[in-house]
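Under my numbering, think of the first position of the sequence shown as 42, with each following residue one higher.
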Amino acid sequence: MPRRNLLWILSVVMVSLLCWRAAPGGDQDDQNYEFYRVLVDAIDHVERSYVENVDRKELLEGALRGMLNTLDPYSSYISPEDLKQFEKQTQGHFGGIGIQIGQEQGQLVVISPLVSTPAYRAGILAGDKIVEIEGASTEKTTLDQAVTRLQGDPGTEVTLTVLHEGKTEPEKITLTREEIKVESVVGDLHKSDDTWKWLLEKDSKVAYIRVDSFISSTASDLDRAIKQAKAEGMKGLVIDLRFNPGGLLQSAIDVSDMFLKGGQQIVSTKGRNTRERAWKATGDGPYTDFPLAILVNHYSASASEIVAAALQDNGRAKVVGERTWGKGSVQNVIELDGGKSALKLTTAEYHRPNGHNIHRREKATDSDEWGVMPDEGYKVALAPQEMMEYLRWRRTRGVIRHHTDKDKDEGEKPDKPDKSDKSDKSDKSDKSDDKAPFADRQLQKAVEYVASQIKETAVSQK
Numbered sequence: 042m043p044r045r046n047l048l049w050i051l052s053v054v055m056v057s058l059l060c061w062r063a064a065p066g067g068d069q070d071d072q073n074y075e076f077y078r079v080l081v082d083a084i085d086h087v088e089r090s091y092v093e094n095v096d097r098k099e100l101l102e103g104a105l106r107g108m109l110n111t112l113d114p115y116s117s118y119i120s121p122e123d124l125k126q127f128e129k130q131t132q133g134h135f136g137g138i139g140i141q142i143g144q145e146q147g148q149l150v151v152i153s154p155l156v157s158t159p160a161y162r163a164g165i166l167a168g169d170k171i172v173e174i175e176g177a178s179t180e181k182t183t184l185d186q187a188v189t190r191l192q193g194d195p196g197t198e199v200t201l202t203v204l205h206e207g208k209t210e211p212e213k214i215t216l217t218r219e220e221i222k223v224e225s226v227v228g229d230l231h232k233s234d235d236t237w238k239w240l241l242e243k244d245s246k247v248a249y250i251r252v253d254s255f256i257s258s259t260a261s262d263l264d265r266a267i268k269q270a271k272a273e274g275m276k277g278l279v280i281d282l283r284f285n286p287g288g289l290l291q292s293a294i295d296v297s298d299m300f301l302k303g304g305q306q307i308v309s310t311k312g313r314n315t316r317e318r319a320w321k322a323t324g325d326g327p328y329t330d331f332p333l334a335i336l337v338n339h340y341s342a343s344a345s346e347i348v349a350a351a352l353q354d355n356g357r358a359k360v361v362g363e364r365t366w367g368k369g370s371v372q373n374v375i376e377l378d379g380g381k382s383a384l385k386l387t388t389a390e391y392h393r394p395n396g397h398n399i400h401r402r403e404k405a406t407d408s409d410e411w412g413v414m415p416d417e418g419y420k421v422a423l424a425p426q427e428m429m430e431y432l433r434w435r436r437t438r439g440v441i442r443h444h445t446d447k448d449k450d451e452g453e454k455p456d457k458p459d460k461s462d463k464s465d466k467s468d469k470s471d472k473s474d475d476k477a478p479f480a481d482r483q484l485q486k487a488v489e490y491v492a493s494q495i496k497e498t499a500v501s502q503k
């Protein structure tokens, strides 16, 4: 298209916009029109003078992506080529490597691998930086572009260059994609029959349930797990939301509703040009009468922050651990070009029941109000090395292994590696190293609180 035609088209668009807008903004509109002329000039020079021929469609899509990159990591342009893959992702049926990612200071960072997926088995950990995907740098890659490149048909391979936290040299890892089916509600260890063991300690009657993500089935799965734990004698509960990257808003609302009394607020959304909305507990939840602690850390994000904030602000649970990620923005998907492409745009932010903002904006400091902080006296921060040890330890637990007849006779074999130092040192399985078993200080603090509340309740009922 000749330059004058491109200028003419954009000029018609701008004149229409200027006529539509109110008259008092004339000077600003003139300045904006000059910026559009600069954009047209730049496109024209690139098309006529760049060293190689360029595709105008790719050029304009690049301009769109560049514009949205100035907003936040979660707003993006979804091209016609990427739209089908995006729709698969939002429907929850896709082939991939089983990884949740975010961006920190422009760098692609692993929030968490999903349990029993290719990424998890390959040793990719939360906090790892993804430097390259298929040899191409991720430096200017948006989250949506990264997800599209990581996903693909089951059975196909993808190679990542990963810089593990605490390391100086990156590692190349080739993974085979699989159909990803997320089990969002899990325990600490499996029993010998491969069902989850919910009670941590039978004597204290404290149950442990980890929620790895918030999908459509999370609330019903959590309800089933709590019922099983209560049948086993549970008197108090620890819900672990560490490394939980979030998920569906409705799932977070449904989970919060289970523990709150009717009318208590769960979350609200506020935006510059959107109607404010608020969600409240629909009625007295089935689980309002036992001690509850919520575990969070820096990698707890989005829906997990909504749940932690709702239960904390309403006095239903103690929050234990570290300050959360601060991902509290709402994205709307807006169709473009008759539905052939789309715009994913941040339009609002989540606010907790006390009215404070959850989202950590780009220039936010540690002293600003964002995310979820542990309750006073319940902050337990892990140093980077301790977190790495925790992640390695966590990878050894809750893993389903092949069973032999001997395993069945021995019962709950997964407990074996975590015996105290008083265990039989002649057992080879306990002699893998001379270090003491890992002590999860954050979990210990949460269990300590719940156990003390159970004891207080028992004393008061006498």
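We put the beta carbon where it would ideally sit given N, CA and C, even for glycine.
Fill in: Bridge partners - I140, DSSP secondary structure assignment
P154
Item to complete: Taking Q269 as part of the beta strand (DSSP E), name the residues at either end of that continuous run.
Response: That residue, Q269, is in no beta strand (DSSP E); its alpha helix (DSSP H) goes T259 to A272.
Discussion item. Between the alpha carbons of N187 and V172, how many angstroms are there, rounded?
Written reply: The amino acid occupying residue 187 in the given sequence is Ala; Asn does not appear at that position. Spanning the two alpha carbons is a distance of roughly 11 Å.
Worksheet entry | Boundaries (first-last residue) of the beta strand (DSSP E) holding V203 | E198 to L204
Worksheet entry | Presumed contact (8 Å Cβ cut-off) between S301 and A351, rounded CB distance | According to the sequence provided, residue 301 is Leu. The question's Ser does not apply to it. Contact flag correct, Cβ pair sits at about 7 Å.
Discussion item. Assuming contact is defined by CB atoms lying nearer than 8 Å, are R265 and V227 in contact in what I supplied?
Written reply: no
Item to complete: Could you give the DSSP three-state label for E212: helix, strand or coil?
Response: Strand.
Fill in: Anticipated Cβ contact below 8 Å, P286 with Q141, distance rounded
Q141 and P286 do touch by the CB rule: their CB atoms are close to 4 Å apart, below 8 Å.
Discussion item. Quick test of the definition: if touching needs 3 or more C-beta pairs under 8 Å, does the stretch 417-434 touch the stretch 392-407?
Written reply: no
Fill in: Expected contact under 8 Å - CB spacing of S341 and T310 to nearest Å
19 Å between Cβ atoms; not a contact.
Discussion item. Just to confirm my understanding: we take I119, look at its own chain, exclude 5 residues before and 5 after, and list those with CB closer than 8 Å. What are they?
Written reply: F127, D185, V374, S382, A383, L384 and K385
Practice prompt. Can you give me the start and stop residues for the alpha helix (DSSP H) that R433 sits inside?
Written response: Judged by DSSP secondary structure, R433 falls within the alpha helix (DSSP H) whose first and last residues are P425 to R436.
Worksheet item: Start and end of the beta strand (DSSP E) containing Y490?
Response: Unbroken run through Y490 is the alpha helix (DSSP H), R482 to S501; no beta strand (DSSP E).
Worksheet item: So what's F479 in DSSP terms, helix, strand or just coil?
Response: coil
Item to complete: Ignoring anything shorter than 3 residues or poking outside the stretch 371-412, list the beta strand (DSSP E) runs there in chain order.
Response: 382-392
Fill in: Limits of the beta strand (DSSP E) - the one that L240 falls within
L240 to E242
Worksheet item: First and last residue of the beta strand (DSSP E) that includes G168?
Response: G168 -> no beta strand (DSSP E), and no H or E assigned at all.
Item to complete: Starting from L290, follow the alpha helix (DSSP H) in both directions and report where the run begins and ends.
Response: L290 to D298
Worksheet item: Where do the N-terminal and C-terminal ends of the alpha helix (DSSP H) with L101 fall, by residue?
Response: R97 to N110 is the extent of the alpha helix (DSSP H) around L101.
Practice prompt. Could you say which of W237, D409 and D407 lies nearest to I267 if we only look at CA atoms?
Written response: Looking at the Cα atoms, W237 is the closest of the given residues.
Discussion item. With the cut-off set at 8 Å, would you say K379 and V421 are in Cβ contact?
Written reply: Reading the sequence as shown, one finds Gly at residue 379 and not Lys. No, they are not a contact pair.
Fill in: Reference E212, options L278, L377 and L201, closest by Cα
Of the candidates L278, L377 and L201, L201 places its Cα closest to the Cα of E212.
Worksheet item: Going by DSSP, what residues sit across from K359 in a beta bridge?
Response: A334
Worksheet item: Looking only at C-alpha atoms, which of D113, I84 and V360 sits nearest to L100?
Response: I84
Item to complete: Find the nearest neighbour of T259 within the set W239, T197, V279 and I294, judged by alpha-carbon distance.
Response: Looking at W239, T197, V279 and I294, the one whose alpha-carbon comes closest to that of T259 is I294.
Worksheet item: Taking just the CA atoms, how far does L230 sit from T498?
Response: 28 Å
Fill in: Under 8 Å between C-beta atoms of V491 and G277
Cβ distance < 8 Å, so V491 and G277 count as in contact.
Worksheet item: Can you tell me where the beta strand (DSSP E) with L191 in it begins and where it stops?
Response: Run containing L191: none in the beta strand (DSSP E); it sits in the alpha helix (DSSP H), L184 to L191.
Discussion item. Going by beta-carbon coordinates alone, are V151 and G168 separated by less than 8 Å?
Written reply: yes
Worksheet item: If you follow the alpha helix (DSSP H) that Y161 is part of, which residue opens it and which one closes it?
Response: P159 to R162
Practice prompt. Measure the alpha-carbon distance for V87 versus D354 and round it to whole angstroms.
Written response: 55 Å
Practice prompt. Compare the beta carbon distance of I280 and I335 with 8 Å and say whether it is the shorter of the two.
Written response: yes
Worksheet item: On the three-state DSSP scale, how would you describe E219?
Response: strand
Worksheet item: In chain order, what residues of the same chain have a beta carbon less than 6 Å from the beta carbon of H205, not counting five sequence neighbours either side?
Response: D169
Discussion item. Am I right that E390 and S408 are in contact with their C-beta atoms under 8 Å? What's the rounded C-beta distance?
Written reply: With 8 Å as the limit, E390 and S408 do not qualify as a contact, their Cβ atoms being about 19 Å apart.
Worksheet item: I495: which of D244, Q148, R402 and T182 sits nearest, CA to CA?
Response: D244
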